[in-house]
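Residue numbers (the working numbering), protein chains in the order written: chain A, 1 to 227; chain B, 1001 to 1227. Note that CB positions come from ideal geometry on N, CA and C, so glycine has one too. In this text the structure is predicted, and so the values were computed from the model without any measurement.
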């Protein structure tokens, strides 16, 4: 029997797909439509949480009244604006993302995707990565009770793979991914491709930080079990 | 005779006006139109240089052929895309920007604006700040030979105010502002409102880092001469 290989659990936006900045401006547009004035960089720093948690927090921080209708409207307007920006800007896989997933598959290292987004916005990106959700576990916000920074998404992804989360690597671009990794006792690997600073990821507990999936693949021996 | 007060030299985009993310996606669109594939976070990290220097560097880093026609096309397509995004997203002054400039004026502290942008894109933002370019020095890329991270923009702004750059504060959101400040022997004050991390600004030499103009105004006694 060979030793169990560490599973790789991936965040999606900003980690495998170059979509963070479009999400940021889509949230900006949605908040503007509600008359909620929030600087764009503050939205960027909250991205990567679930839509629900994210809007709750923004409304609380801006001391705006929170109603279920308003949160629903914010989410729908974000999805519409994102669809438009993603189409215009042609959201694509990040450099090395497709190659990294292929490398893991070829090396028989189990991997999965766990995203705070909902399937309606994630489906297009997953298709762009050439990932078949019937073969690879893809856990979305729709399927768990709590989203990041709670660890539920990654814990569920590990369960689907039949591996122990405490042996897994969590790869993400946001501090919420690194915090969720810590709470689940996984190791967090940070990527700069979502636009956060290296030090922000390290302070949130990143075990290692790389530029993007291509850079992680170049340094894969630093984190993956060698055969 | 009272002691000469330190001048405040401000960057514009991301420092006084909430426009960085729109510039980032506008550059993304412009580069896509030229078939140049570059991740959005890498564009974000180059923003705040001059348009010319910025495109030179991007083309060199992506190992794409650099021709004057191509650089001109990139710049024009960026300006068009930015105009569209800025209009849709209603680019506005950052929280506290108008109040901070008023406070400095009332305190008889000289201040000026020095931006890597050109007047064609900067004019709208300067108007939104309620700044009259006939009363306050506004130095744009059109008026100096070298843009950031060269210190020419800030040096020229200090000259216009009749103050010594070595007594000035340079307020900016990008590492290029902090590097330019160091080269001119001014003190750099970093703001997080352009979406860079605190540590990135500190590593580039920021003397102090605040969240945005409102946060700087709340802590103004830490950096401004008290009367």
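Length of the line joining the Cα atoms of residue i and residue j
i	j	result
residue 1037(B)	residue 1031(B)	7 Å
residue 1115(B)	residue 49(A)	34 Å
residue 1192(B)	residue 141(A)	30 Å
residue 75(A)	residue 1224(B)	43 Å
residue 1215(B)	residue 203(A)	23 Å
residue 1177(B)	residue 1044(B)	14 Å
residue 1184(B)	residue 1113(B)	16 Å
residue 1162(B)	residue 1104(B)	16 Å
residue 5(A)	residue 47(A)	31 Å
residue 1180(B)	residue 1197(B)	18 Å
residue 1022(B)	residue 1055(B)	17 Å
residue 1062(B)	residue 63(A)	44 Å
residue 1207(B)	residue 60(A)	32 Å
residue 121(A)	residue 1078(B)	27 Å
residue 195(A)	residue 1010(B)	24 Å
residue 102(A)	residue 125(A)	16 Å
residue 1212(B)	residue 39(A)	9 Å
residue 199(A)	residue 148(A)	20 Å
residue 33(A)	residue 109(A)	45 Å
residue 138(A)	residue 157(A)	7 Å
residue 166(A)	residue 210(A)	21 Å
residue 7(A)	residue 1082(B)	42 Å
residue 73(A)	residue 169(A)	35 Å
residue 87(A)	residue 1057(B)	27 Å
residue 70(A)	residue 84(A)	21 Å
residue 111(A)	residue 164(A)	12 Å
residue 173(A)	residue 201(A)	8 Å
residue 159(A)	residue 35(A)	42 Å
residue 129(A)	residue 93(A)	6 Å
residue 205(A)	residue 217(A)	21 Å
residue 1143(B)	residue 24(A)	33 Å
Proximity test, residue i beta-carbon vs the ligand GTP heavy atom, cut-off 7 Å
i	result
residue 191(A)	Among the components of this structure there are no ligands whatsoever, and the ligand GTP is therefore not found.
Residue burial classification, residue i (beta-carbon count within 10 angstroms, cutoff 16)
i	result
residue 67(A)	exposed
residue 189(A)	buried
residue 2(A)	Caution is warranted here: a pLDDT of 47 is assigned to residue 2(A), below 50, making its placement in the model unreliable, and the coordinate value is therefore given only provisionally. Classification for residue 2(A): exposed.
residue 1041(B)	buried
residue 1219(B)	exposed
residue 171(A)	buried
residue 1090(B)	exposed
residue 1132(B)	exposed
residue 175(A)	buried
residue 222(A)	exposed
residue 106(A)	exposed
residue 117(A)	buried
residue 1186(B)	buried
residue 1127(B)	exposed
Contacts of residue i in chain A (Cβ-Cβ under 7 Å)
i	result
residue 1090(B)	32
residue 1024(B)	21
residue 1095(B)	39
residue 1192(B)	41
residue 1018(B)	39, 40
residue 1212(B)	39
Contact set between residue i and chain A, taken where Cβ atoms lie within less than 8 Å
i	result
residue 1139(B)	Per Cβ cutoff of 8 Å: no residues; residue 1139(B) is ~25 Å from chain A at best.
Under 8 Å by beta carbon: chain B residues contacting residue i
i	result
residue 44(A)	1021, 1195
residue 199(A)	1197, 1198, 1199, 1200
Sufficient close CB pairs (3 or more, under 8 Å) joining the stretch 1149–1169 of chain B to the stretch 1020–1034 of chain B: Touching, no.
So does the stretch 1006–1026 of chain B actually touch the stretch 1090–1100 of chain B, counting three or more Cβ pairs closer than 8 Å? yes
Can you list, in chain order, the stretches of the alpha helix (DSSP H) that have 4 or more residues and sit fully within the stretch 134–204 of chain A? Fully enclosed alpha helix (DSSP H) runs of 4 or longer: 152–161, 175–183, 198–203.
Which whole runs of the alpha helix (DSSP H) in the stretch 1079–1125 of chain B are 4 residues long or more, in chain order? 1097–1106
Please give me, in chain order, every unbroken run of the alpha helix (DSSP H) with length at least 4 that falls completely inside the stretch 1022–1046 of chain B. 1040–1046
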